Amino acid sequence: MRGRLLIIGRLLVRDVRRTWLETALLVVAIGAATATLSLGFALNAIAASSYQQTRAATNGPDAAAEPLGTGDAVLPDLEAVANNPDTIASSGPFPIAYLMMSAGGRTVRTVVEGRDPSPAAVDQPLVRSGTWIAPGAAVVEHGFAVALGLHLGDRVTVDGRPLRVAGTAITASRSAYPSAGWRVPGQGVATASAGLIWVERSEVAHPQTYSLKVRIADPDASRAFTHQWGPGLNMLRWQNFEERYQEQNRDAQLTLRLGGWMLNVLSIAGVLGIVAGRIAGRRRRVGVLKALGAGPVLIALVHLTEYLVIALTAAGAGLLAGWFTAPALFEPSAGLLGTSRAAPPPLQALLAAVELAVAIAAAATVVPVLRATATSTTHALADAAAPPRRRRWRVWLSRRLPTPLLLGVRINARRPRRARLVTVNAFMTMFALSAVLMLTAQIGTHPVDLGGTELPDVRGAATARAGFLVAAVICVLALFNTVVSTWSAVLDARHPLAVARALGATPFQAGTGLAVAQLLPALPGVAAGVPAGIGLYAYFDQSGGFHYATATAMLTTALLVVLAIVALTAVPALLAARRPIATTLEST
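Now the structure itself:
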């Protein structure tokens, strides 16, 4: 056993040293997919960390109570909460009114909360700009101010009363814009979107309800504390507010996770291309190992160990890269403090990275290794490609094809699995880009209705940013796969192309034939990727009211993908075809 491990270790070190460039390409491919998948997990952590920072900075409550009733009749219920033995501190009750606010010619629903000029013992909003409340002045929740474009000194009108914007602030005791908790008095919390402002108590002349902020002895027992009250009190725990902030990133998180899995497929396609080329080039080594007495298990372990080590290393690097760059790529909600520190990745993210590494290593090596170990020792030492299966009708048809097209068809016939990888690469690229085009087509089509005005949904901006990021990484990885596929095809087709040139084909025809060999399997992949991407978006958007991307955008993107494949394959193919025939035949 020790001797086998020593052989595997030595071969692993030797292969990495000799093929360091291919190893680096493998690390990049797997790392890019893992990094994108890691970003999806990091978004939740960013929202949770930002909320906890905001809660600590604002002395946030463990629970908040708002009666469903109206007027001063609800005050005894709040007094009972404040005097509960589990309550160790409280602030309020603060008067609440649900009014319409006019700002810059727009009228919006607004939750108006009356406050004291002095700091509260529990839940004191943190001023981000300007000053705290003063007579005739209002402080606007920071995300609400950003959406309305309000600045210090601007004038707003609340229920007919003019107020000056004294500052902007954030809080951990109420969801930020656009989910500030507007409700019709007596009917509970509604789903209507609204913003939040703070004013002096005296500005709320006719409170519609009140809000009490409390801290309890055991914050982790907030569920039991909130459940002991009757149906007349709307009790919210701090976990409820944290979940609502996380919901603002839910679509972006889903986009990144879907993008991560699509990138995994692209990574597997790229890795398969590299692995197929490496194993095809190592058939002779397999034959030598078998001639020296190595069994199929040892041969499989030699290859699987190498790719598993590379995959685990790349997955770990990608996980850390995605996790620690997420705060720079995705800012938290405008209603929260930004996070500058990144916690270690959770166990769920680590397990996902390990599963990805194992899946890629297995998918990339099992089939080629099994085929290599099943090959006879003599055939492996000869290292010859399997001859294409000829059919009479195929021969009749191929004789009438132009020379470049004939060469391209013959190259794909020699390596059909490589052609399928090109199809998968083109399909996944167009599949992802079509889904992103559908996503971008929704930007601005679902604004937030604030009663009299519609404003852009801040949640859509994060989702669009995630979509563009996924599209960019997919394009880079697709280009990488195309280069790898072309590079493998050039190395593999040197001998048959040299023979074709010796029989009369020109260098241009040989180079064009190699480019055609890459283009032919890519076309059906691009064509199938368009409806698949549209279907993916339609499956996850259950609203039914989505907008389709324009046909021009889809066709232009498909054409650009095809042109990129042509450009990336034609140049190296034409350069390789100019190599002297004698030199090529002598080196093979």
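Read in order, the letters of the sequence shown are residues 34 to 621 in the numbering used here. C-beta: ideal position from N, C-alpha, C; glycine also. Nothing here was measured: the structure is a model prediction, and the numbers come from that model.
Check whether residue i and residue j have beta carbons under 8 angstroms apart
i: T69; j: V503; result: yes
i: P94; j: W294; result: no
i: V189; j: A178; result: no
i: L510; j: L296; result: yes
i: A526; j: L547; result: yes
i: G292; j: S71; result: no
i: Y581; j: A474; result: yes
i: Y84; j: A205; result: yes
i: N445; j: N514; result: no
i: V247; j: A115; result: yes
i: A591; j: V563; result: yes
i: V145; j: V191; result: yes
i: L289; j: A66; result: no
i: Y210; j: P100; result: no
i: W215; j: R142; result: yes
i: L512; j: L601; result: yes
i: A136; j: L181; result: yes
i: I249; j: A96; result: yes
i: G106; j: L266; result: At residue 106 the sequence reads Ala, which differs from the Gly that was named. No, the pair does not count as a contact, with Cβ atoms beyond the cut-off.
i: P158; j: A199; result: no
i: L700; j: I343; result: An answer regarding residue 700 cannot be provided, because it is not within the stretch 34 to 621 covered by the chain.
i: F501; j: L287; result: no
i: L559; j: S518; result: Reading off the sequence, residue 559 comes out as Val, not Leu. Taking 8 angstroms as the Cβ cut-off, V559 and S518 do not qualify as a contacting pair.
i: R453; j: P557; result: no
i: I567; j: A347; result: no
i: T436; j: A538; result: yes
i: L196; j: V232; result: yes
i: V532; j: P605; result: no
i: S123; j: L245; result: yes
Residue environment, residue i, which counts as buried when at least 16 other CB atoms sit within 10 Å
i: R148; result: buried
i: I230; result: buried
i: D253; result: exposed
i: L299; result: buried
i: E112; result: exposed
i: F541; result: exposed
i: S151; result: exposed
i: R534; result: buried
i: P168; result: exposed
i: D694; result: Residue 694 falls outside the range modelled here, since the chain spans only 34 to 621, and no answer is possible.
i: A505; result: exposed
i: L440; result: buried
i: D251; result: exposed
i: P128; result: buried
i: R207; result: buried
i: A382; result: buried
Per-residue DSSP class, three states only, for residue i
i: G176; result: helix
i: I230; result: strand
i: R161; result: strand
i: P128; result: strand
i: V155; result: coil
i: S206; result: coil
i: V189; result: strand
i: G147; result: strand
i: L266; result: strand
i: T242; result: strand
i: V237; result: coil
i: G137; result: coil
i: A171; result: strand
i: I507; result: helix
i: T201; result: strand
i: P195; result: strand
i: I249; result: strand
i: R277; result: helix
i: R256; result: helix
i: R142; result: strand
Any C-beta of chain D under 8 angstroms from that of residue i
i: I249; result: The structure shown contains no chain D; it holds only a single protein chain.
Completely contained alpha helix (DSSP H) runs for the region 534-573, where each covers 4 or more residues: 540-573
Can you give, in chain order, each stretch of the alpha helix (DSSP H) that sits fully within the region 88-123 and has at least 4 residues? 108-115
So does the region 119-138 actually touch the region 450-469, counting three or more Cβ pairs closer than 8 angstroms? no
Examine the Cβ distances between the region 123-133 and the region 254-269 and report whether three or more of them are shorter than 8 angstroms. no
Whole alpha helix (DSSP H) elements within the region 424-488, 4-residue minimum: 425-431, 436-447 and 449-473
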